[in-house]
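**Q** Under this note's numbering, the first residue of the sequence shown carries the number 1, and numbering increases by one thereafter.
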Amino acid sequence: MLSKEVRRLDRVIIRFAGDSGDGMQLTGDRFTSETASFGNDLSTLPNFPAEIRAPAGTLPGVSSFQLHFADHDILTPGDAPNVLVAMNPAALKANIADVPRGAEIIVNTDEFTKRAMHKVGYPTSPLEDGSLDGFSVHPVPLTTLTVEALKDFDLTRKEAERSKNMFALGLLSWMYHRPTEGTEKFLTAKFAKKPDIAAANIAAFRAGWNFGETTEDFAVSYEIAPATAAFPAGTYRNISGNLALSYGLIAAGRQADLPLYLGSYPITPASDILHELSRHKNFGVRTFQAEDEIAGIGAALGAAFGGSLAVTTTSGPGVALKSETIGLAVSLELPLLVIDIQRGGPSTGLPTKTEQADLLQAMFGRNGEAPVPIVAPQTPADCFDAAIEAARIALTYRTPVLLLSDGYLANGSEPWRIPDTDELPDLQVQFAQGPNHTLDDGTDVFWPYKRDPHTLARPWAIPGTPGLEHRIGGIEKQDGTGNISYDPANHDFMVRTRQAKIDGIDVPDIEVDDPSGAATTLVLGWGSTYGPITAAVRRLRGAGEAIAQAHLRHLNPFPRNLGAVLTAYETVVIPEMNLGQLATLVRAKYLVDAHSYNQVNGMPFKAEQLATALKEAIDG
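(1) Inspect the beta-carbon positions of I294 and D71 and report whether they are closer than 8 Å.
(2) Indicate whether A637 and A149 have their beta-carbon atoms separated by less than 8 Å.
(3) For M1, count neighbouring Cβ atoms within 10 angstroms of its own Cβ and tell me buried if that reaches 16, exposed if not.
(4) For H177 and A227, what's the separation of their Cα atoms in angstroms?
(5) One question on the structure: do S240 and G412 come within less than 8 Å of each other, judged by their Cβ atoms?
(6) Would Q428 be called buried (16 or more neighbouring beta carbons within 10 Å of its own) or exposed?
(7) Taking C-beta to C-beta, are P459 and V445 nearer than 8 Å?
(8) Going by beta carbon distance, what residues of the same chain come within less than 7 Å of F112, once the five residues before and after it are set aside?
(9) Using the beta-carbon count (16 or more within 10 Å), is V6 buried or exposed?
(10) Following the continuous beta strand (DSSP E) through A86, name the residue where it begins and the one where it ends.
(11) Check whether the stretch 377–392 and the stretch 312–331 are in contact - that is, three or more C-beta pairs closer than 8 Å.
(12) Starting from the N-terminal side, write out each stretch of the beta strand (DSSP E) that is 3 residues or longer and does not extend beyond the stretch 315–359.
(13) One question on the structure: do L337 and V401 come within less than 8 Å of each other, judged by their Cβ atoms?
(14) Compute the beta-carbon to beta-carbon distance between H68 and E104, rounded to the nearest angstrom, for a pair I have assumed lies under 8 Å.
(15) By DSSP, does R254 sit in helix, in strand, or in coil?
(16) For Q342, tell me which candidate among T313, G368, G130 and P463 has the shortest Cα-Cα distance.
(17) Evaluate the contact criterion for the stretch 404–424 versus the stretch 42–51: three or more CB pairs, one atom per stretch, below 8 Å.
(18) Helix, strand or coil for K477 per DSSP?
(19) What does DSSP give as the partner residue(s) for N598 in the beta ladder?
(20) Under a Cβ-count criterion, where at least 16 other Cβ atoms within 10 Å of its own Cβ denotes burial, should G442 be classed as buried or exposed?
(21) Below 8 Å, can you find three or more Cβ-Cβ pairs linking the stretch 500–510 to the stretch 348–361?
(22) State the start and end residues of the unbroken beta strand (DSSP E) segment that holds G525.
(23) Measure the CB-CB distance between Y590 and L610 and report whether it falls below 8 Å.
(24) So, does the stretch 368–379 touch the stretch 528–536, judging by three or more C-beta pairs under 8 Å?
(25) State the Cα-Cα distance for the pair E627 and P55, rounded to the nearest angstrom.
(26) Just checking my contact of V99 with F135 at CB under 8 Å: how many whole Å lie between their CB atoms?
(27) For F191 and G182, what's the separation of their Cα atoms in angstroms?
(28) May I ask you to verify whether the stretch 582–600 touches the stretch 535–546, counting CB pairs closer than 8 Å and requiring at least 3?
(29) For V445, which residues does DSSP report across the bridge?
(30) Of the choices N598, L328 and S315, whose alpha-carbon is the least far from that of G474?
(31) Do you know how far the Cα of N561 is from the Cα of W526?
(32) Do you know how far the Cα of E161 is from the Cα of G28?
(33) Going straight from the alpha carbon of F231 to that of S33, what length do you get?
(34) For a quick check, are the C-beta atoms of S131 and M175 less than 8 Å apart?
(35) Count the other CB atoms within 10 Å of the CB of G265; is the residue buried (16 or more) or exposed (fewer)?
(36) Where does M1 sit, in a helix, a strand or coil, going by DSSP?
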């Protein structure tokens with residue numbers, strides 16, 4: 001048999017799509033893991049329904065996983081797939097609009113029954129009516145081939161059919177020369193207690209690989225070389241945003257030499273952090289799954305009072321419930337990390353879709369003047385550094401800190417260089433040890449609200465330390481003594497002091513990427529818009545346009561040079577996955593006529609879409 005042609009590509013975008021019970025997320029995750037181990041740069045976009053098990057074969061029940069991988073530095077999961085794997089008619093119909101003409105479509109023909117097609121509104125089979133003539137379609141009876149490959153196993157037909165995602169994974173692994181050993185080891189470990197199921201899945205995976213090797217329908221396979229030039233030297237692994245955030249919290253606890261305490265209530269898309277941290281008791285991590293959001297943050301604040309690095313995790317609806325206790329933490333001036341993995345709202349909204357619409361809630365969503373620092377990561381891997389930075393601010397300035405990630409970052413993944421421990425900052429704090437104030441009569445006493453002159457942070461006194469007894473609670477405190485005070489002048493002073501503490505937080509200046517020096521348009525972003533914005537800016541510069549880019553990690557306080565940066569450009573464009581919340585803050589603070597470009601459809605921006613909008617802004 002003649003050997004098949006092997007073509008060299010610099011990048012490819014693959015989307016696996018099927019029912020939410022077809023294992024598309026597992027399939028995509030395994031393909032991603034092998035791609036990462038091969039050394040490609042990559043970016044992923046899992047997309048799945050909010051229902052635990054949406055109705056089979058329906059459009060709302062479609063689950064997909066998109067992976068963009070390349071031999072060079074990439075920033076997004078890609079605008080449109082080069083390859084779509086559609087496990088049923090619903091998967092095809094839900095995704096075909098995103099697939100460009102000429103792309104490859106692999107369809108599981110076994111599922112294209114009249115009943116299944118009628119369920120999603122296909123009057124005739126799209127495989128036969130000419131509607132797919134503009135695509136390179138590969139009809140593959142995935143279910144039949146999988147059942148045939150597993151006929152020697154003691155499995156029912158339904159059990160055998162469940163392995164069709166592994167057949168598809170094997171086929172795609174052959175097409176793109178992905179390693180196979182890791183997946184086989186994974187399946188052996190995953191089904192260690194069910195060796196027959198493990199063996200069946202491995203057999204289906206190998207059958208898919210062999211099918212690609214032997215069938216005449218797939219005449220070409222593809223190679224994408226490792227992205228050796230994209231990565232500095234080091235040890236890398238694939239990591240999702242929530243996993244990176246979890247590791248960042250553990251690292252912060254170790255660097256602070258404090259026990260890490262998580263008080264949390266499960267909520268999509270933040271629950272993975274609770275799941276991950278619960279596995280790391282060996283690092284001094286204690287996790288508490290509370291009965292509700294309020295109990296979760298209450299326990300975390302109690303842990304902060306007791307001397308732990310305290311964390312609570314949630315999404316937008318949970319931040320609303322936690323708002324009173326966040327205000328209490330502001331009043332008590334204790335370090336507390338409040339991690340908000342944003343999702344589409346309002347109310348329950350779109351639990352599995354992404355949005356960055358909690359910025360104004362993070363900024364102002366408490367009664368009274370209760371300022372809180374806000375930090376936002378920009379990529380999945382950057383969640384590690386953002387967690388450490390949030391911990392630095394909380395511990396140094398004795399304040400709750402809000403960290404705003406989102407569903408796109410939480411579930412997406414990319415390569416991450418594992419840092420050496422000596423690269424991490426020293427976060428150790430000095431607890432109060434004894435009296436810190438002398439009264440007029442010469443008596444030495446402990447004043448819980450006597451402040452560090454540089455940071456305005458109050459001392460952190462561990463309960464039970466002799467001589468450091470002090471009053472806590474939500475009623476206003478007297479400056480210095482911490483006694484309850486209703487004095488108007490004292491309240492005014494304490495409010496202004498708490499605000500001054502936040503305003504005085506040391507954050508780095510914002511850096512501007514303006515290689516030409518001739519740009520008159522600046523695109524300003526925050527959070528997960530970094531990848532699409534940067535990809536769009538690269539496209540424009542490649543077409544000869546001059547455009548500057550800056551991205552905010554610190555949203556409260558803003559970097560001190562932000563005002564000067566904004567006024568240096570004629571046009572400022574702020575793309576956001578909300579209706580203009582950062583733009584509102586920028587206009588109010590700096591009186592700059594910033595232009596909003598907004599999207600709230602539950603999905604991240606596409607690079608081409610942003611490039612078009614930014615080109616219009618440049619042209620005026």
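Glycine is no exception: its CB is placed at the ideal position from the N, C-alpha and C atoms. Given the structure is predicted, the values throughout are model-derived calculations rather than measurements.
**A** The short version:
(1) Pairing I294 with D71 gives a Cβ-Cβ distance that is not under 8 Å.
(2) The question about residue 637 has no answer, for the chain in this structure spans 1 to 620.
(3) For M1, the predicted structure reports a pLDDT of 46, less than 50, and the residue's modelled location is therefore unreliable. A value from the coordinates is still provided. By the 10 Å Cβ count, M1 comes out exposed.
(4) Each residue's alpha carbon lies about 15 Å from the other.
(5) In this structure, G412 lies closer than 8 Å to S240 by Cβ.
(6) Burial call: exposed.
(7) Taking 8 Å as the Cβ cut-off, P459 and V445 do not qualify as a contacting pair.
(8) Excluding positions up to five away in sequence, the list reads P89, S125 and L127.
(9) Around the CB of V6, fewer than 16 other CB atoms lie within 10 Å, so the residue is classed as exposed.
(10) Here the beta strand (DSSP E) through A86 covers V83 to A86.
(11) The stretch 377–392, when compared against the stretch 312–331, does not touch it at the 8 Å Cβ threshold.
(12) Runs of the beta strand (DSSP E) lying entirely within the stretch 315–359, each at least 3 residues long, are 336–342 in chain order.
(13) Yes, the pair counts as a contact, with Cβ atoms nearer than the cut-off.
(14) Going by Cβ atoms, the distance from H68 to E104 rounds to 15 Å, so no, they are not a contact pair.
(15) R254: helix per DSSP, three-state reduction.
(16) Nearest option by C-alpha distance: T313.
(17) Touching, yes.
(18) Look at K477 here: in three-state DSSP terms it is strand.
(19) The partner list for N598 (beta bridge, DSSP) reads E576.
(20) Exposed: under 16 other Cβ atoms inside 10 Å.
(21) For the pair of segments examined, the stretch 500–510 was found not to touch the stretch 348–361: the number of CB pairs separated by less than 8 Å stays below three.
(22) T521 to W526 is the extent of the beta strand (DSSP E) around G525.
(23) One thing to note: Y590 has its Cβ no nearer than 8 Å to the Cβ of L610.
(24) Between the stretch 368–379 and the stretch 528–536 there are three or more C-beta pairs closer than 8 Å, enough to call the two in contact.
(25) Absent from the structure is residue 627, since the part of the chain shown begins at 1 and ends at 620.
(26) Yes, they are in contact, since the Cβ atoms of V99 and F135 sit about 7 Å apart, within 8 Å.
(27) Take the alpha-carbon of F191 and the one of G182: they are about 14 Å apart.
(28) Between the stretch 582–600 and the stretch 535–546 there are fewer than three inter-stretch CB-CB distances shorter than 8 Å, so the stretches are not counted as touching.
(29) BP columns for V445 point to H437.
(30) Ranking the options by Cα distance to G474, first place goes to L328.
(31) Cα-Cα distance, rounded: 16 Å.
(32) Rounded to the nearest angstrom, the two C-alpha atoms are 18 Å apart.
(33) F231 and S33: Cα-Cα distance of roughly 17 Å.
(34) The answer is no: Cβ separation not under 8 Å.
(35) The question names Gly, yet the displayed sequence has Tyr at residue 265. Buried is the call here.
(36) In this prediction, M1 scores a pLDDT of 46, lower than 50, which makes its location untrustworthy; the coordinate-derived value is nonetheless stated afterwards. For M1, the three-state secondary structure derived from DSSP is coil.
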